[in-house]
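Notes to accompany the following structure.
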Amino acid sequence: MKTELLRARSGRQRRRAATRGASGTPAGQRARQWIAGIAGQVVAFAALALAACTGLPGQPDPAARPIRPADVKDVNVLYAGNCAGCHGAEGKLGAARPLADGLYWHVVRDADVRDVVTRGIEGTEMPAFAMSEGGALTDTQIDLLVTGLRARWQGTPLANRGLPAWSVGSAPAGDLGATQRGAAVFAARCALCHGATGEGGLAPGSLVDPSYLALVSDQALRSAVIFGRTDLGMPDYRGGRGETPLTNGEISDVVAWLGSHRVASPRWPATPQRANPAREEKP
Amino acid sequence: MASNDDDTHVPGGATGTPGRLGRLGAWLDARLRFSEQIWPELAHHVPRSSASFWYVFGSATLLCFVLQLVTGICLSLVYSPSAAEAWASLEWLTYREPTGWFLRALHYWGSNFMVALMTIHVVQVFFFGAYKYPRELTWVVGCFLFLLTLAMAFTGQVMRFDQDAYWGLGIGAAIAGRFPFVGAIVVDLMLGGPIIAAETLSRFFTLHVFVVPALLLALVALHLWLVLKVGINEWPMPGRLVTRERYLEEYHQLVAEDGEPFVPDGVQKDLVFSGLVMVALVTCAAVLGPSGPNGEPDPTLINTLPRPDFWFLPLFAAFALLPAYMETALMLAAPPVLFLLAVALPFYSGTGEKSWKVRPGAWILVVTVFVTLGTLAWLGIRSPWSPQMDAWSATPTPVEMVRGRTPLQLQGALIVQSRQCRNCHALGGAGGQRGPALDDVATRLTRDQLIRQVIQGDGDMPAYGKNLLPAEVDALVAFLVTLHPANEPPARDAATLGPGVAGAAR
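Chains A and B, in that order, give the protein sequences. If you use my numbering, the first sequence corresponds to residues 15 to 297, in order. If you use my numbering, the second sequence corresponds to residues 1360 to 1865, in order.
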């Protein structure tokens, strides 16, 4: 066929030769074969495309589709994304106070929690979360969080009688009477773990460290006394076995005593040679 | 109907008495003169040696291109190229339209395959010396096809108009904006304004659907025409040198002595390979699915980690990793210079040896290019592009770093969270990767050095001096010095040894 092709001269002759070649000779058979091949591919392609209707592994899962953060309604997702960093993955053993604490939810009201989440707590590390305050949560989401977390962690109802008040407002500064009473309460109820001076005992670290006290509000101290940190072994206001619960007044007094250790302007972290490392910048 | 007796001759068609279909074909052929004009063209002889599996990548790229046209047209039936609706229309296509996701997957993988096969094709052409005399123009056109294909890939990624697209656009605009004098104008043209806005998508849609494909079609036609007219490169043999004087003569002789018709013999391996490519493509689409759209493109949403499509990773990695003063020069000057060098290749290396076996320079070049690109891509995958913006609130302090800590240290742990240190620093394997993990930072830095690091910052670490109260620094450092393995003591505070030693330690 090749020689024939080469010899063919006029257009018509060449055409004839090509035509004959394509139909009768092995080349023609091959031509048919690959036409059939293409057809086969197209059919296979179409079949696969049809099979696509019926759950192939590549089909995107609608459940995994991205949701706008403001549309998230699942309380657990909201908690994990916004709160878990400080309050712990399971609501305890975080750097900040635990929220998986039934007593806590019995003492605080929804409005208090909503307010704290919305606006944050001035002077502490608790940031404001409401969009209106520069945070990332909508008001609906904050409501969902408050009710959802209460449902998740409040646990069985407690007798409401005798629960201490979560917040009593700030005690008048320099109330010497309160401070003295607070020292007595501390010596009787706290010193066993925190040391007679509050600078540490069985429980590590000082409660009267000026830097620490500069970073916590009286309310945070009050919460610490009321709710303890049961996740870390610190009992709540009811104390250990056989002890009587602290009264509202005692709680206020001991907070006043702790607060009396605050200093006007806490030092820069001290090192033996320099009080102010920032001065290093200008040798 | 024409009564020409040639009407019955259809190449590859039925012999003997033609059926109704055969007669229609014959009539068309009589009018179109296909068998007279095109068939001889297709059946032109090519060197038998080039009917090899090494020569199939060009046609496979072409197959991908055709597939992209088909799937692209289908997609454009549903896709709504407006900034407000694009994302939603893809959502709809992906999750509601029964086979919509598959169509998107085909188009996505088609683009990946096309870029990959095209790259292999270029390397093969380069190794086989096929760009040399007399195929210079084929090579030049091919270079522009390469560029246009990348342009399709880039504009296509923008079509998703999700956060990745935003990100890619942002970087692209940042690069364009650096051109001296014309930068702002280029950005303006590209985005339809100084920022990514509604018009941006319209522009990219026009590019992706009209402008670039039209150019591609025209150049593909030219490329193929040249392949047909100049002839397929013969299998290169070491010692068979290309000279402008003798090459054509030698080639024609080779084809005459040892040639075969391109259709049907020459293209057989192309068809087999194209079939395999198609199967691979459909499998990828069916198993791996489409890409995105990931989150809705809301510039206020920062808690995702956007990445460009794979092919642009090296470029973006270079962009992210180069020191700022080199960036501008490299970003602006390097690509055009490299491209011009590539286009001009047949004009400064147009004759001589073709075979890769005796061209060590070719090997060195290709290996260098791919090692560089590969390294950059790897860095692009590995490197922490941006801080992990939600780590501070979503990644708890590891429990063992909470237990047994003093009240002050716990306040420090709290500051590490609330001041978003975690967005850049991992603890217990979780958190951002922008800075080093802090799990055992106390073994590396003394208390003094920690204070200094936090207050003054360093490298990519912001200085916190003005934003932290003394008590906060105190608490923070009190926590950081506890971060060392139990069996490994913290770094010794040289300051306690005396002023002279403290100075020397720095």
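The beta carbon of each residue, even a glycine, is placed where N, CA and C say it ideally should be. Just so you know, these numbers come straight off a predicted model, no measurement behind them.
Leaving out the 5 sequence neighbours to the left and right, which residues in its chain are closer than 8 Å to residue i when beta-carbon positions are compared?
{"i": "GLY1799(B)", "result": "Note that residue 1799(B) is Asp in the sequence shown here, rather than Gly. Around ASP1799(B): LEU1842, HIS1843, PRO1844 and GLU1847."}
{"i": "ALA61(A)", "result": "none"}
{"i": "SER181(A)", "result": "ASP126, GLN233 and ARG236"}
So, for residue i: in the same chain, excluding its five sequence neighbours on each side, which residues have a beta-carbon less than 7 Å away from its beta-carbon?
{"i": "GLY105(A)", "result": "PRO112, LEU113, ALA114 and TRP167"}
{"i": "ARG195(A)", "result": "ASP267"}
{"i": "GLY1953(B)", "result": "Outside the shown range of chain B, which is 1360 to 1865, sits residue 1953(B), and nothing can be said about it."}
{"i": "GLU1400(B)", "result": "LEU1587"}
{"i": "PRO1849(B)", "result": "ALA1801, THR1802, VAL1840 and HIS1843"}
{"i": "TRP119(A)", "result": "ARG164, TRP167 and GLN168"}
Does any CB atom of chain A fall closer than 8 Å to the CB of residue i?
{"i": "ARG1407(B)", "result": "no"}
{"i": "ILE1774(B)", "result": "yes"}
{"i": "THR1754(B)", "result": "yes"}
{"i": "VAL1546(B)", "result": "no"}
{"i": "PRO1849(B)", "result": "no"}
{"i": "GLN1792(B)", "result": "no"}
{"i": "ALA1475(B)", "result": "no"}
{"i": "ALA1845(B)", "result": "no"}
{"i": "GLN1812(B)", "result": "no"}
{"i": "VAL1429(B)", "result": "no"}
{"i": "ALA1796(B)", "result": "no"}
{"i": "PRO1377(B)", "result": "no"}
{"i": "ASN1653(B)", "result": "yes"}
{"i": "PRO1821(B)", "result": "no"}
{"i": "SER1439(B)", "result": "no"}
{"i": "ALA1464(B)", "result": "yes"}
Can you check whether the C-beta of residue i is within less than 8 Å of a C-beta belonging to chain B?
{"i": "ARG236(A)", "result": "no"}
{"i": "ASN262(A)", "result": "no"}
{"i": "ASN90(A)", "result": "no"}
{"i": "GLY25(A)", "result": "For GLY25(A), the predicted model reports a pLDDT of 41, less than 50, meaning its position is unreliable; a value from the coordinates is still stated below. Closer than 8 Å: yes."}
{"i": "GLU213(A)", "result": "no"}
{"i": "ILE52(A)", "result": "yes"}
{"i": "SER225(A)", "result": "yes"}
{"i": "LEU216(A)", "result": "no"}
{"i": "GLN194(A)", "result": "no"}
{"i": "LEU70(A)", "result": "yes"}
{"i": "ARG79(A)", "result": "yes"}
{"i": "PHE200(A)", "result": "no"}
{"i": "GLY219(A)", "result": "yes"}
Tell me which residue opens and which closes the beta strand (DSSP E) that residue i is part of.
{"i": "HIS1404(B)", "result": "1404-1406"}
Beta-carbon of residue i versus every beta-carbon of chain C: anything under 8 Å?
{"i": "PRO74(A)", "result": "Given the protein chain composition of this structure (A and B), no chain C is represented."}
Looking only at its own chain, which residues have a Cβ that is under 6 Å from the Cβ of residue i, when we skip the five neighbours before and after it?
{"i": "CYS1643(B)", "result": "TRP1468"}
{"i": "ALA1464(B)", "result": "ALA1644, GLY1648 and PRO1649"}
{"i": "ALA1442(B)", "result": "ALA1557 and LEU1560"}
{"i": "ALA1402(B)", "result": "PRO1620 and VAL1622"}
{"i": "PRO1658(B)", "result": "The pLDDT assigned to PRO1658(B) is 49, lower than 50, so where the model puts this residue is not dependable; a value taken from the coordinates is nonetheless given after this. The answer is none, since no qualifying residue turns up."}
{"i": "ALA1789(B)", "result": "THR1754"}
{"i": "PRO141(A)", "result": "GLY134"}
{"i": "PHE1632(B)", "result": "VAL1415 and ALA1419"}
{"i": "ALA217(A)", "result": "CYS207 and HIS208"}
{"i": "ALA110(A)", "result": "CYS100 and HIS101"}
Could you give the first and the last residue of the continuous alpha helix (DSSP H) run that contains residue i?
{"i": "GLU1395(B)", "result": "1393-1401"}
{"i": "GLY1618(B)", "result": "Taken as a continuous stretch (DSSP letters only), GLY1618(B) belongs to no alpha helix (DSSP H), being part of the beta strand (DSSP E) at 1618-1620."}
{"i": "ASP153(A)", "result": "153-167"}
{"i": "ILE1479(B)", "result": "1459-1486"}
{"i": "MET1866(B)", "result": "Because chain B is modelled from 1360 through 1865, residue 1866(B) falls outside the range shown and cannot be assessed."}
{"i": "GLY196(A)", "result": "190-203"}
{"i": "ALA1807(B)", "result": "According to the sequence displayed, residue 1807(B) carries Asp and not Ala. Element bounds for ASP1807(B): 1806-1815."}
{"i": "HIS101(A)", "result": "98-101"}
Do residue i and the ligand HEM come close, with the Cβ less than 7 Å from some heavy atom?
{"i": "LEU1428(B)", "result": "As far as ligands go, the structure on display features none, and thus does not contain the ligand HEM."}
Handout entry: Cβ contact (3+ pairs, closer than 8 Å) linking the segment 1605-1623 of chain B and the segment 1383-1397 of chain B
Key = no
Exercise for the section: Specify whether the segment 1459-1469 of chain B and the segment 1571-1578 of chain B touch according to this definition: at least 3 beta carbon pairs, one from each stretch, less than 8 Å apart. Expected result: no
Exercise for the section: Report the residues of the segment 98-114 of chain A with a CB closer than 7 Å to any CB of chain B, ordered along the chain. Expected result: ALA98, GLY99, CYS100, GLY102, ALA103, LEU107, GLY108, ALA109 and ALA110
Practice task
Using a Cβ-Cβ cut-off of less than 8 Å, give me the residues of the segment 1684-1716 of chain B that come near chain A, in sequence order.
Solution key: none
Practice task
Determine contact between the segment 1832-1842 of chain B and the segment 1765-1773 of chain B, defined as no fewer than three beta-carbon pairs at a distance below 8 Å.
Solution key: yes
Problem - Sufficient close CB pairs (3 or more, under 8 Å) joining the segment 1421-1436 of chain B to the segment 1593-1612 of chain B - result: no
Practice task
Give a yes or no on contact between the segment 1754-1763 of chain B and the segment 1717-1730 of chain B, applying the rule of three or more CB pairs nearer than 8 Å.
Solution key: no
Problem - At least 3 beta-carbon pairs within less than 8 Å: the segment 1594-1606 of chain B vs the segment 1501-1519 of chain B - result: no
Handout entry: Contact list for the segment 145-169 of chain A against chain B, Cβ threshold 9 Å
Key = ALA150
Exercise for the section: Would you be able to state if there are at least three C-beta pairs under 8 Å between the segment 1471-1482 of chain B and the segment 1520-1537 of chain B? Expected result: no
Practice task
Count the C-beta pairs between the segment 1485-1498 of chain B and the segment 1703-1712 of chain B that are closer than 8 Å, then say yes if the count reaches three, no if not.
Solution key: yes
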